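Residue numbers (mature numbering (1 follows the signal peptide of the UniProt record, and there is no 0)): -20 to -1, 1 to 389.
Each residue gets a CB set at the ideal place from its N, CA and C atoms; glycine is no exception.
Only a predicted model underlies this, so the values are computations on that prediction, with no experimental measurement involved.
This report refers to the structure that appears directly beneath it.
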């Protein structure tokens, strides 16, 4: 009798689950019934029906996905984006894949500290991050779901937890921006001193831009100005070593702040260790304060810091009570940001000679670029804590050493 009861109960559960799955609408129906997803629906059903079928089939394998659907107003903001103007099916599909996250990420599973998740954007034309380019999720104190993409761009979820067979969908109010290569990503955040220092050695610059799964601790321009006399007087090999000390390649990265803990130690590309410390709700790298965190780039992530790290002072510790940390190396301050004369030519050509690598030691060879003299950067304001870049910008990635640029207006 007991056996019979268990059998009936099991059948009841199976019937209930089957009814729930069959009663959940298809993705096609959800898109068609959503009045503010007309553009997204038309794009998918007209040109990418195979992508819809692939998403819908996830139910059969129970490998659900989370779909971030740009609203009609978000699509309007794309304007005459080259993604669509060039009519490149490959580029558009890559862009759409950046809106698909493997796994069932309902709003209730997102907490108030950032989490970074791989998307389906794994085409090496546009990204060089293992397991797929990342996207950030965080829930605000008022419960608002925020999605962070390239350049610190933030999108808000207008509607959440719209279920379909194969996953869950959130409607977002602005388009996601796939992370940019370092050249484009560094300029809006006043990081041209670091970028210019790297490009004093073309081989080093190529390595940084094309290496896989990089984590960069990038001093802002003010940091370079503080020790300007020192960094401009050292030889090319020492300068390359200094830049390498701010870089981590591989080792299980990229490393987002969600993976930081007090005392975390990384081995830099230069070979010396870098230590992360946490105090007073702030992150520090050696003695440098992290000003802006988790800025996604095409081949990893960068964190902006307020000091140039000193590879000869790996034991430096911060003073959390002080807002701006003292320089980690001696030197006389310069009025202008060093190494920035090269920046206009970089941002105008947006191209790099092909030399790809994913692992290895830092490049310290003789520079093929003459060291640029100091010039004032376009902005000298100090970066603030975890800000955001404008919601428009250039996005692209590297393939065969050439940056393919997506322009989102």
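A direct Cα-to-Cα measurement between residue 7 and residue 14 gives close to 11 Å. Distance from the CA of residue 44 to the CA of residue 51, rounded to the nearest whole angstrom, comes to 22 Å. In this structure, the CA atom of residue 292 is about 16 Å from the CA atom of residue 306. Remark: fewer than three beta-carbon pairs, one from each stretch, lie closer than 8 Å, so the stretch 175 to 186 and the stretch 138 to 151 are not flagged as touching. Remark: C-beta atoms of residue 132 and residue 316 do not approach each other more closely than 9 Å. Counted as a single uninterrupted DSSP element, the stretch harbouring residue 105 is not any beta strand (DSSP E), since DSSP gives it neither H nor E. In terms of Cα proximity to residue 74, the closest of 92, 213, 112 is 112. Between the alpha carbons of residue 213 and residue 83 lies a gap of roughly 51 Å.
A distance below 8 Å between beta-carbons, with the five flanking residues on each side excluded, links residue 120 to the following residues of its chain, in chain order: 92, 126. The beta carbon of residue 116 sits closer than 6 Å to the beta carbons of 94, 96, 128 from its chain, once the five residues preceding and following it are set aside; these are given in chain order. In the structure shown, residue 236 falls within a coil segment according to DSSP collapsed to helix, strand and coil.
Here the C-alpha atom of residue 210 lies approximately 11 Å from the C-alpha atom of residue 288.
Within the DSSP bridge table, the entry for residue 121 names no partner. Excluding residues up to 5 positions away in sequence, 240, 241, 242, 243, 244, 245, 246, 263, 264, 265 lie with their Cβ nearer than 8 Å to the Cβ of residue 256 in the same chain.
For residue 283, same chain residues with a beta-carbon under 6 Å away, outside a window of 5 residues either side, are 197, 270, 273 in chain order.
Our two residues, residue 145 and residue 57, have alpha carbons roughly 29 Å apart in a direct line.
For residue 13, the uninterrupted alpha helix (DSSP H) segment begins and ends at 7 to 13. Burial is judged here by how many other beta carbons sit within 10 angstroms of a residue's own beta carbon; residue 22 has fewer than 16 and is exposed. Rounded to the nearest whole angstrom, the CA to CA distance from residue 166 to residue 229 is 18 Å.
Distances from the alpha-carbon of residue 286 to those of 294, 295, 268 put 268 closest. For residue 229, there is no enclosing alpha helix (DSSP H); the residue is found in the beta strand (DSSP E) stretching over 227 to 229. Under the DSSP definition of a beta bridge, residue 147 partners with 45, 144. Residue 304 carries a coil assignment under DSSP once its states are collapsed to helix, strand and coil.
Counted as a single uninterrupted DSSP element, the stretch harbouring residue 192 is not any alpha helix (DSSP H), since DSSP gives it neither H nor E. Non-local beta-carbon contacts of residue 234 in its own chain, meaning distances under 7 Å to residues more than five positions away in sequence, involve 109, 193, 194, 195, 280, 281 in chain order. Note that the C-beta distance between residue 313 and residue 208 is below 9 Å. Looking from the CA of residue 141, the closest CA among 297, 163, 114, 90 belongs to 90. DSSP places residue 23 inside the alpha helix (DSSP H), whose first and last residues are 18 to 27. Taking every protein chain shown into account, the CB of residue 297 has fewer than 16 other CB atoms within 10 angstroms, so this residue is exposed. Where residue 56 is concerned, the enclosing alpha helix (DSSP H) starts and stops at 52 to 58. Between residue 156 and residue 79, the CB-CB gap stays under 9 Å. In this structure, the CA atom of residue 261 is about 12 Å from the CA atom of residue 303.
In the three-state scheme derived from DSSP, where H, G and I count as helix and E and B as strand, residue 296 is classed as coil. A straight-line Cα-Cα distance of about 14 Å links residue 201 and residue 223. Per DSSP, reduced to three states, the secondary structure at residue 274 is strand. For the options 190, 169, 135, 139, the alpha carbon positioned closest to that of residue 161 is the one of 190.
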